[in-house]
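Shown next, in structure tokens, is the structure this report addresses.
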Amino acid sequence: MSPVTHFLVGWMVASAAELNRRERALVAIAGIAPDADGLGIVVEFCTRGTQHELNWWSDYHHVLGHNLTFALFITALAVPFAQHRWKVAALVLLSFHLHLFCDLVGARGPDGHIWDIPYLWPGSKALTLAWSGQWKLNAWPNFVLTAGLIAMTLRLAWRRGYSPLEMVSSRADAAVVATLRRRFPAGEKK
Ligand SMILES: [Zn+2]
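Oh and the sequence shown: position 27 is 27 in our numbering, straight run, nothing missing.
Shown next as structure tokens:
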């Protein structure tokens with residue numbers, strides 16, 4: 001699925017527990033971390049047509065970052081920054097694995113190619129996960145899911161007083177919350 005959808009799923013996981021601001025960021029970022037292996041697209045694009053083509057995106061996207069080893073690596077990176085270490089470790093793993101699940105169900109390429117998840121890479125190839133019913137990246141369930149996640153994110157921001165914008169700017173975050181609460185003044189806030 002798209003990085004936006006993955007991030008918002010991660011944000012929902014982060015919002016499901018009592019975490020501080022930094023911990024919420026760690027859990028939400030874990031939701032998009034697997035797609036770090038897609039950054040090879042820059043190298044692949046730049047070397048296309050040259051004598052030394054590097055197909056880092058074609059060869060490694062959905063491979064390098066979409067596996068258990070990378071999940072444990074990301075968790076090990078995140079935990080030292082957390083106050084509630086066990087809780088954050090569990091939620092980072094959950095957020096990461098929801099990314100894999102979302103890719104498994106809804107990341108089919110435009111040419112009909114089914115992405116599989118080499119879960120035990122670089123070790124055994126025995127546990128390569130794939131689902132024949134995988135729908136396309138631009139299929140309607142992904143749009144419905146993303147729209148629902150945006151709505152839930154806004155509602156949570158209205159209720160709790162913070163949104164994912166807190167990760168980049170406290171002022172922008174406060175402005176969004178203030179706007180939402182001005183627009184929808186009724187109801188109790190948790
Ligand atoms: Zn992915």
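Ideal Cβ positions, reconstructed from N, Cα and C, are used throughout, including at glycine.
Contact test: residue i Cβ vs ligand 1 heavy atom, cutoff 7 Å
i: Pro118; result: no
i: His52; result: no
i: His99; result: yes
i: Asp103; result: yes
i: His113; result: no
i: Pro34; result: yes
i: His62; result: yes
i: His66; result: yes
Terminal residues of the alpha helix (DSSP H) in which residue i lies
i: Pro141; result: Trp140 to Arg160
i: Ser124; result: That residue, Ser124, is in no alpha helix (DSSP H); it is neither H nor E in DSSP.
i: Phe184; result: Segment: none, Phe184 is in no alpha helix (DSSP H) and carries neither H nor E.
i: Asp59; result: Trp56 to Tyr60
i: Lys136; result: Per DSSP, Lys136 belongs to no alpha helix (DSSP H) and is neither H nor E.
i: Val79; result: Careful: Val79 lies outside any alpha helix (DSSP H) and carries neither H nor E.
i: Ala90; result: Arg85 to Gly106
Sequence-distant residues of the same chain with beta carbon closer than 7 Å to residue i, five excluded per side
i: Asp116; result: Thr128, Leu129 and Ala130
i: Asn67; result: Pro118, Tyr119, Leu120 and Trp121
Neighbour-count burial assignment, residue i, 16 or more Cβ in a 10 Å radius
i: Phe81; result: exposed
i: Glu23; result: buried
i: Thr5; result: buried
i: Asn142; result: buried
i: Pro110; result: exposed
i: Glu166; result: buried
i: Ser169; result: exposed
i: Leu51; result: The amino acid occupying residue 51 in the given sequence is Gln; Leu does not appear at that position. Classification of Gln51: exposed, given that the 10 Å Cβ count is below 16.
i: Gln134; result: buried
i: Phe7; result: buried
i: Arg108; result: buried
i: Val177; result: buried
i: Trp56; result: buried
Own chain, CB closer than 8 Å to residue i, minus 5 neighbours either side, in chain order
i: Val42; result: none
i: Gly10; result: Val27, Ala28, Ile29, Ala30, Gly31, Ile32, Ser95, Leu98 and His99
i: Val79; result: Arg85, Val88, Ala89 and Val92
i: Ser2; result: Leu137, Asn142 and Thr146
Same chain only: Cβ atoms within 6 Å of residue i, ignoring 5 sequence neighbours per side
i: Asp196; result: The structure shown does not extend to residue 196, since the chain is modelled only from 1 through 190, so no value can be given for it.
Which full runs of the alpha helix (DSSP H) of 4+ residues lie inside the segment 7 to 49, going along the chain?
-> Correct list: 21 to 30 and 40 to 47.
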